[in-house]
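Heads up: the protein sequence lines correspond to chains A and B, in order.
Note that the first sequence ends on residue 1526 in our numbering; no numbers are left out.
Note that the second sequence ends on residue 536 in our numbering; no numbers are left out.
Don't be surprised by glycine CBs; every beta carbon is placed ideally from N, CA and C.
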Amino acid sequence: MPIIPQASSAAGRVDSVFLFIFVLCAVFLVLLTAALIYFVIKYNRKRHPRAVDIEGNKWVETVWTIVPTILFLMMFVYGWTDFRYMREVPREAMVIEVTGRQWAWSFKYPNGKQSTELILAVDKPVKLVLRSADVIHGFFIPAFRIKEDVVPGKENYTWFSPTQLGSFDIECTVICGVSHANMLGKAVVVPVDEFKEWYFGDETVPTPGRTIPTLPPEIAAHPAVNVLNQRFCLTCHSFDGSPLVGPSFKGIYATTQTVLDSKGNAREIVVDDDYLVRAIQDPAADILKGYPPSMPKTSLSEDELAQVVDFIKNLK
Amino acid sequence: MSYLTEGRRKGIRSWILSTDHKRIGVLYLVSMVSLFFIAVLIGVLMRIEQLTIETPMFEPQTYNAFFTVHGVIMIFMFVLPGLPAVFGNFFLPIMIGAKDVSFPRLNLLSWYFFIAGTGLVVASLFTGAGPPDTGWTFYAPFSLTSGTNVSLGVFGAFVLGFSSILTGLNFITTIHRLRAPGMKWHRMPLFAWSLYGTAWIQVLATPIIGITLLLVIAERLFGIGVFDPAKGGDPLLYQHLFWIYSHPAVYIMILPAMGAITEIIPTFARKTIFGYKAIAYSSLAIAFLGSLVWGHHMFTSGMSEKANLVFSLLTFIVAVPSAIKVFNWTATLYKGSIEVRPPMLYALTFVFLFAIGGLTGLMQGALAVNVQLHDTYFIVGHFHYVMFGGTGMGFFAALLYWFPKMFGKTYNEKIAVFAWVPIFIGFNMLYFAMLVLGYMGMPRRYFTHLPQYRTGHIIASIGGFILAVGLVMFFANLVVALKRGRKAEQNPWGGVTLEWKIPTPPPLENFSIIPRIDDRPYRFNPEGS
Chain A
1211 MPIIPQASSA AGRVDSVFLF IFVLCAVFLV LLTAALIYFV IKYNRKRHPR AVDIEGNKWV
1271 ETVWTIVPTI LFLMMFVYGW TDFRYMREVP REAMVIEVTG RQWAWSFKYP NGKQSTELIL
1331 AVDKPVKLVL RSADVIHGFF IPAFRIKEDV VPGKENYTWF SPTQLGSFDI ECTVICGVSH
1391 ANMLGKAVVV PVDEFKEWYF GDETVPTPGR TIPTLPPEIA AHPAVNVLNQ RFCLTCHSFD
1451 GSPLVGPSFK GIYATTQTVL DSKGNAREIV VDDDYLVRAI QDPAADILKG YPPSMPKTSL
1511 SEDELAQVVD FIKNLK
Chain B
8 MSYLTEGRRK GIRSWILSTD HKRIGVLYLV SMVSLFFIAV LIGVLMRIEQ LTIETPMFEP
68 QTYNAFFTVH GVIMIFMFVL PGLPAVFGNF FLPIMIGAKD VSFPRLNLLS WYFFIAGTGL
128 VVASLFTGAG PPDTGWTFYA PFSLTSGTNV SLGVFGAFVL GFSSILTGLN FITTIHRLRA
188 PGMKWHRMPL FAWSLYGTAW IQVLATPIIG ITLLLVIAER LFGIGVFDPA KGGDPLLYQH
248 LFWIYSHPAV YIMILPAMGA ITEIIPTFAR KTIFGYKAIA YSSLAIAFLG SLVWGHHMFT
308 SGMSEKANLV FSLLTFIVAV PSAIKVFNWT ATLYKGSIEV RPPMLYALTF VFLFAIGGLT
368 GLMQGALAVN VQLHDTYFIV GHFHYVMFGG TGMGFFAALL YWFPKMFGKT YNEKIAVFAW
428 VPIFIGFNML YFAMLVLGYM GMPRRYFTHL PQYRTGHIIA SIGGFILAVG LVMFFANLVV
488 ALKRGRKAEQ NPWGGVTLEW KIPTPPPLEN FSIIPRIDDR PYRFNPEGS
């Protein structure tokens, strides 16, 4: 199946099971369709005005019960065997912790290094331990043929060994909110030396979340920026006035806005300290009109809350 | 005189207060076809969105509402109740020689539940914080935290469940108690057998989804924490409970369509069905085994490996009775005297498309392959082949087959065949493209897509538009027939089951004298073979 690269140890196995079933199915479908068309033509009423009643045939019926049963069981066994391989993690696999949250992936390596891209060494097995910070996500790398749900309150895993250098798409497969389709990432497979250089390199550990946009120093120094980044607020809210999934932080303070409460009733409010606190702690209570009701409840400490409110107040 | 003209009441009240099983069938038909077209329209809008991803026509939130509402309407209001509620209500009593179902008033009540549930779902679109955006599966905990109007939508689905349960209860009782004298179990038409298997699933499985949906509402309103991991709940429990109903529900959807096909093929082949008992009992086998395979929706959820093993094995086993039915339909054509008129054309199309649906199901049943296919467009393509290519096409075939009997009018057969062309071509472009996209890794429920999926999406969208044109032609033809169609004969296709032996359209209580049955159904050549 060369329609997508086979870039991991699992890929060839998945494709071979698929191919086995596909060929059997294709043969069956061609035979079935041929039989339908042939009978319809051969026994057309013009050519064959008088039907012959056949109520059944024990032998034929036995054969067409047993043969498919055997074929189906073969498919089952083949699928199961390779699935076993995909669930049995080799001992030398490096464990990488994956966290999915609305709507980004982050990766933490055994030495504490964190990244928003999954950096991998070619031909080295990795075990991904999957956790969710909010709702269910699905971790999927099509080119590697691996997928596992990321379930809150549960630790799932998957493993593979990347076999091709390059950059491959990571996709979320379980509907998780308005930006589900943007919950994408990259798995970057590099040669072992390059991986070591990155892994043991002494550059500062990148914080998870989106890269912080370049900000004037007086803003960037504000303690709230770090809070906003760590809590993934910046996935949906910008500093520069451009609306993303949610409204921009810039210039919103003290403006008059229309909000919809949870019953959909509209009313006017002024964006003040109280509103900002409520918007963080209980976002569904009053949703700014024109934006989706998709912000998760976020619990910040008193200090953090005060910092964030202060920051938004002063971002003009 | 027919059921369309007789009766105590006049006007609209003669319909919405009628306890006549035939009028109730027609009420369902009209409500469902309207809902079907709303959902088709939403489907078209989704395909437009995928064509215009650079300058999107709709907001992401709107798209998420689209696929949720499309799914809820199609599943809960069209495909699931479709054939039993319309053709089951109309023809089951006639086919077994009864004057009505066992509980006619309960039957009318079930239609009111259907309308009430539909009303609630529709209300959820225009009230509160907007239409639900969770997908029709309402997976927790997202359905618990989503700010949209999930509670009301879910409550609508809960009410719809009662319609399903009451219909099932009615059919079981009717089949047990009201068969005409001499109609032994093995003399029942196979459509009745398929409804019997279906009815048991409706009665036994629907309460489970009912209580599950109530739990979702209770969790949203009172935070009871059954499914929310933050409160010690288990989100996988929701998935188990949801699929314990919703997988058997797939068989509620497909079995009656198989039953209708089993009526149509012998009629147009002038020949008795091949393997009557095999078909009858495979319906029951499917109903039973189909109740044990729900876990195949959860192979990547992190369920135990033993559970994965067992559910995969059972999934392959339930494929056996389905395969047997396909063989039986094909063998029925052998040495028949076949005439391909519109109902037969759509019935044969059903066999072909359902076969693709079933075969792609085998691919997903294999554990290793499922890892790649789960939650991608492959799944979307697969279940549209089964639900639309199967149940939908079965519904169309049944409608073309029984329309003259139901309304006493003939439709234009040429246009019915002509509409088949865009339906068939558009259908395969749309859903086969989805199968390929899915294997390439296109996830479902994305309002946009990555560049490598572009070509596939363009083909799918064009196919979708062609399909929609075909559907409009198909139904426009029938609407015109209602107004201007010629009067239909009593038995236009030469069928031999009981509905063809009474006047067209049927009289109010079907039979003036209840017939005696002394032979098997499908005796087209009584003087021997």
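With respect to chain B, the C-beta atom of C1235(A) has a partner C-beta closer than 8 angstroms. Contacts with chain A (Cβ-Cβ distance below 7 angstroms) from the segment 154-168 of chain B involve G154, T155, listed in chain order. By DSSP's assignment, H303(B) forms no beta bridge with any residue. Comparing alpha-carbon positions, the option among G89(B), A136(B), F481(B), W250(B) lying closest to P1493(A) turns out to be A136(B). Note that the C-beta distance between E1307(A) and R1341(A) is below 8 angstroms. Exposed is the label assigned to Y1295(A), since fewer than 16 other Cβ atoms lie within 10 Å of its Cβ.
Among the bridge pairs identified by DSSP, C1382(A) is matched with F1349(A).
Per DSSP, reduced to three states, the secondary structure at T1468(A) is strand. Boundaries for W1369(A): no alpha helix (DSSP H) harbours it, while the beta strand (DSSP E) harbouring it runs 1366-1370, taken from the DSSP string. The criterion of a C-beta distance shorter than 8 angstroms is satisfied by L299(B) and L321(B).
Shown here, N1254(A) sits in a strand according to DSSP, grouped into three states. For Y1253(A), the chain B residues whose Cβ falls inside 8 angstroms of its Cβ are A276, L340, Y341, K342, G343, S344, I345, in order along the chain.
Residues are counted here when their Cβ sits less than 9 angstroms from a Cβ of chain B; for the segment 1380-1398 of chain A these are E1381, C1382, T1383, V1384, I1385, C1386, G1387, V1388, S1389, H1390, A1391, N1392, L1394, given in chain order. In the structure shown, W1274(A) adopts helical secondary structure according to DSSP, grouped into three states. In the structure shown, T180(B) adopts helical secondary structure according to DSSP, grouped into three states. Between S1226(A) and the set A1244(A), E1407(A), Y1288(A), the nearest pair of CA atoms involves Y1288(A). Inter-segment contact for the segment 305-315 of chain B and the segment 1269-1286 of chain A is absent: fewer than three beta-carbon pairs are separated by less than 8 angstroms. Listed along chain A is no residue with a C-beta nearer than 8 angstroms to that of M413(B); the closest approach is about 25 angstroms. Within chain B, not a single residue places a beta-carbon under 9 angstroms from that of W1369(A); the smallest gap is close to 12 angstroms.
For F1317(A), the enclosing beta strand (DSSP E) starts and ends at 1314-1318. Proximity of N435(B) to chain A, defined by a Cβ-Cβ separation below 8 angstroms, is not satisfied. Taking 8 angstroms as the CB threshold, Y392(B) stays off the interface with chain A. L42(B) sits close to T125(B), with the two beta carbons spaced by under 8 angstroms.
Here D1496(A) is buried, its C-beta having at least 16 other C-beta atoms within 10 Å. Residue-level contact check: S253(B) does not touch chain A, since none of the beta carbons of chain A fall below 8 angstroms from its beta carbon. With a contact defined as Cβ atoms closer than 8 angstroms, S344(B) and A1261(A) qualify at about 4 angstroms.
Closer than 9 angstroms at the C-beta level to chain B, one finds no residue of the segment 1429-1453 of chain A.
Contact annotation: P1502(A) and V1455(A) have beta-carbon atoms nearer than 8 angstroms. Residues I208, H254, P255, V257, Y258, V325 of the same chain have their beta carbon placed closer than 8 angstroms to that of G297(B), with the five preceding and five following residues left out of the count.
Taking a Cβ-Cβ threshold of 7 angstroms, none of the residues of chain A is close to N498(B); the smallest such distance is about 16 angstroms.
Apart from sequence neighbours up to five positions away, the residues of its chain that approach T26(B) with a beta-carbon distance below 6 angstroms are P111, R112, L115, ordered along the chain. Cβ-Cβ separation between V1339(A) and F1349(A): approximately 11 angstroms, too far for a contact (criterion under 8 angstroms).
By the C-beta criterion, the segment 1330-1338 of chain A is judged to be in contact with the segment 1391-1403 of chain A, since at least 3 inter-stretch pairs fall below 8 angstroms. In this structure, the alpha-carbon of N377(B) lies about 34 angstroms from that of K284(B). For R1301(A), no Cβ of chain B is located within less than 8 angstroms of the residue's own Cβ.
For the C-beta of W1290(A), the chain B residues within less than 9 angstroms are, from N- to C-terminus, N315, L316, S319, L320, A373, L374, A375.
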